[in-house]
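For reference, the structure is listed below as structure tokens.
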Amino acid sequence: MNPERVLRRLAPRTLRGRLSLVALTTAALLIAVLTVVFNVVMDRHLQHQADDELRNRAAAVATTVDTRGSRVRVLETSNDGLLDANVWIYAGPRLLEKPASAVAGSPLTQAADRLAARRTPACTAVDGEGHQPVRLCSRPLHGRHTAATVVTALDLGPYRSSADTLLLGSVILDAIMLACTYVLTRLAVGRALRPVRTMTDQATQWSAVGSDDRFRAEEHPAELARLGASLDALLDRIRTVLRHERQLTGELSHELRTPLTRIVIELDWWRTRPRSEAETRATHEVIAEAAQSMRTICDTLLDDARDNTLNQPTAPGTTDVVPVLDRMIQRLDTPDDVKATVVPGATGLEAGVAPALLERIVSPLLANALRYARSGVSVAARRVSGTVRIDVVDDGPGVPESFAGELFQPGRRADEQDGHDGAGLGLPLARRLARAVGGDVSYDPAHTPGTRFTVSLPAA
Numbered sequence: 001m002n003p004e005r006v007l008r009r010l011a012p013r014t015l016r017g018r019l020s021l022v023a024l025t026t027a028a029l030l031i032a033v034l035t036v037v038f039n040v041v042m043d044r045h046l047q048h049q050a051d052d053e054l055r056n057r058a059a060a061v062a063t064t065v066d067t068r069g070s071r072v073r074v075l076e077t078s079n080d081g082l083l084d085a086n087v088w089i090y091a092g093p094r095l096l097e098k099p100a101s102a103v104a105g106s107p108l109t110q111a112a113d114r115l116a117a118r119r120t121p122a123c124t125a126v127d128g129e130g131h132q133p134v135r136l137c138s139r140p141l142h143g144r145h146t147a148a149t150v151v152t153a154l155d156l157g158p159y160r161s162s163a164d165t166l167l168l169g170s171v172i173l174d175a176i177m178l179a180c181t182y183v184l185t186r187l188a189v190g191r192a193l194r195p196v197r198t199m200t201d202q203a204t205q206w207s208a209v210g211s212d213d214r215f216r217a218e219e220h221p222a223e224l225a226r227l228g229a230s231l232d233a234l235l236d237r238i239r240t241v242l243r244h245e246r247q248l249t250g251e252l253s254h255e256l257r258t259p260l261t262r263i264v265i266e267l268d269w270w271r272t273r274p275r276s277e278a279e280t281r282a283t284h285e286v287i288a289e290a291a292q293s294m295r296t297i298c299d300t301l302l303d304d305a306r307d308n309t310l311n312q313p314t315a316p317g318t319t320d321v322v323p324v325l326d327r328m329i330q331r332l333d334t335p336d337d338v339k340a341t342v343v344p345g346a347t348g349l350e351a352g353v354a355p356a357l358l359e360r361i362v363s364p365l366l367a368n369a370l371r372y373a374r375s376g377v378s379v380a381a382r383r384v385s386g387t388v389r390i391d392v393v394d395d396g397p398g399v400p401e402s403f404a405g406e407l408f409q410p411g412r413r414a415d416e417q418d419g420h421d422g423a424g425l426g427l428p429l430a431r432r433l434a435r436a437v438g439g440d441v442s443y444d445p446a447h448t449p450g451t452r453f454t455v456s457l458p459a460a
């Protein structure tokens, strides 16, 4: 199996676990270095203590050695017990005194002989009996005519025991510190990531419903503030997408209502009694025309929604305006007491939009005009300063002055109880589609009686 894959499987999968592992590894390396340095320093310190002990003992023994005469003499003092405590006294290369336990030819005696032969202060370490380490130090003594050397020895067993105890204690302390580091790191990281988890849960909840709630960056640390700002921007985009989705759904249902109504009416009329072949063919033609209209509506609105999502302008087109308006008037289900006409105007008047888009812009205006007109609706088209303007005028009661400011807001209607099933989406849709191609839809509050809406589109 690939070692890299094994390591990847063994690695923690959570950020909390990974940060804890990184902290534990870093702490282990640091503690290991500090432990090695501490034990090396302590070993040196214990060795210096042993050397100081040996020098002090050699200085004490030196007071019993007389080098003033022609030969070296060892004076008898009350401290003769020191001579039995691992002390060698040499007169030149000749051994004068040695410990009672020292054996000729033993490693200790050989080491003492070598130190005495050097005639300079020196120290060395050898293995004594039982392979216990022993430290030896020499001290030369110079008289006027003679020279002597004092060599002292010290068992390093207690010092090594102290060093081993310190090493064991430091290892145990290191293990405790690593365990505490891991636990505290997990707790600290978990506590630090708790706001992130909370923000994630809130962002998930808010994005599902398109909420207006947002994270206030000033209430969080700098890192969380940046995260909150990113989440706020993401929530804004999600809310925009949801709003566009609801808007597209509402517009499709609004625009498809008329052709669906025509299909339902034709089918109901055809089912009321047996029909002739010509009547059946006419019904089929009406249904086919309504279905084609529905397809055109879907294509137009979906293309516009896609262009808005991609931030691309709507593809331009060319439309002969008057024939399109005539065709729309002919397809209208005009009430018997209302007359809809296209005011004769300049021929060859072309707008820089596709025919289907022109129909989608003008259709809501015509539908509203027929809905509220008393006796007539007129549509007039003209060219003004590089634009094509289409006026849709009716002789109805007009728009209430208090509602004029909300006329183009989606979902708003002047009178919810007027008996019509409108959703308040037609006028906002017409204005949005017109502005998407560089035009506009406006309402003339000064026109009386009735209502006048003006569509402005770029000329071809």
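Going by my numbering, the first residue of the sequence shown is number 1, and it counts up by one from there. All C-beta atoms, glycine included, are put in the ideal place defined by N, C-alpha and C.
When the options are compared against residue i, the one with the closest alpha-carbon
i, options, result
"residue 223", "204, 292, 199, 236", "199"
"residue 142", "92, 127, 124", "92"
"residue 188", "19, 265, 370", "19"
"residue 201", "178, 181, 185, 228", "228"
"residue 348", "51, 318, 262, 332", "318"
"residue 166", "362, 44, 361", "44"
"residue 343", "258, 322, 362", "322"
"residue 375", "449, 278, 410", "449"
"residue 205", "231, 34, 64, 182", "231"
"residue 330", "294, 298, 378, 357", "378"
"residue 101", "87, 136, 360", "87"
"residue 363", "335, 174, 35, 257", "257"
"residue 393", "124, 372, 410", "372"
"residue 208", "225, 182, 237, 192", "237"
"residue 128", "119, 14, 108, 115", "108"
Heavy atom of the ligand HEM within 7 Å of residue i beta-carbon
i, result
"residue 142", "Absent from the structure shown: the ligand HEM. Ligands present: none."
Residue i versus residue j - alpha carbon distance
i, j, result
"residue 464", "residue 427", "For residue 464 there is no data in the structure shown, the boundaries of the chain being 1 and 460."
"residue 169", "residue 211", "59 Å"
"residue 310", "residue 452", "Because residue 310 carries a pLDDT of 49, less than 50, the predicted location of this residue cannot be relied on, and the following value inherits that uncertainty. Each residue's alpha carbon lies about 34 Å from the other."
"residue 399", "residue 445", "8 Å"
"residue 71", "residue 103", "26 Å"
"residue 47", "residue 195", "55 Å"
"residue 461", "residue 74", "The first residue shown for the chain is 1 and the last is 460, placing residue 461 beyond what the model contains."
"residue 397", "residue 403", "13 Å"
"residue 281", "residue 439", "40 Å"
"residue 85", "residue 54", "11 Å"
"residue 157", "residue 38", "20 Å"
"residue 436", "residue 369", "23 Å"
"residue 62", "residue 150", "7 Å"
"residue 332", "residue 454", "19 Å"
"residue 293", "residue 239", "31 Å"
"residue 381", "residue 338", "20 Å"
"residue 390", "residue 447", "15 Å"
"residue 462", "residue 41", "Coverage of the chain is limited to positions 1 through 460, which leaves residue 462 absent and any answer about it impossible."
"residue 12", "residue 21", "8 Å"
"residue 221", "residue 30", "29 Å"
"residue 259", "residue 291", "7 Å"
"residue 278", "residue 284", "10 Å"
"residue 432", "residue 410", "11 Å"
"residue 76", "residue 160", "35 Å"
"residue 263", "residue 425", "22 Å"
"residue 123", "residue 190", "57 Å"
Beta-ladder partner(s) of residue i, from DSSP
i, result
"residue 142", "147"
"residue 327", "Answer by DSSP bridge pairing: none, since residue 327 is not bridged."
"residue 133", "127"
"residue 297", "Bridge partners of residue 297: none, in fact."
"residue 90", "95, 149"
"residue 392", "379, 453"
Contact check, residue i vs residue j, beta carbons under 8 Å
i, j, result
"residue 456", "residue 387", "yes"
"residue 350", "residue 326", "no"
"residue 488", "residue 430", "This structure leaves residue 488 out entirely; the chain is present only between 1 and 460."
"residue 235", "residue 214", "yes"
"residue 139", "residue 121", "yes"
"residue 302", "residue 185", "no"
"residue 147", "residue 134", "no"
"residue 132", "residue 164", "no"
"residue 287", "residue 360", "no"
"residue 96", "residue 112", "no"
"residue 89", "residue 65", "yes"
"residue 358", "residue 384", "no"
"residue 173", "residue 15", "no"
"residue 119", "residue 68", "no"
"residue 328", "residue 365", "no"
"residue 181", "residue 50", "no"
Any chain B beta carbon closer than 8 Å to residue i
i, result
"residue 452", "Absent here is chain B; the protein component of the structure consists of one chain."
query = Taking the runs of the alpha helix (DSSP H) that are 4 residues or longer, which of them lie wholly in the region 158-184?
reply = none
ask   = Going along the chain, which unbroken runs of the beta strand (DSSP E) with 3 or more residues stay wholly within the region 31-64?
value = none
task = Taking only runs that begin and end inside the region 426-457, name each unbroken alpha helix (DSSP H) of 4 or more residues, in chain order.
result = Counting whole runs of 4 or more residues, the region 426-457 contains the alpha helix (DSSP H) stretches 426-436.
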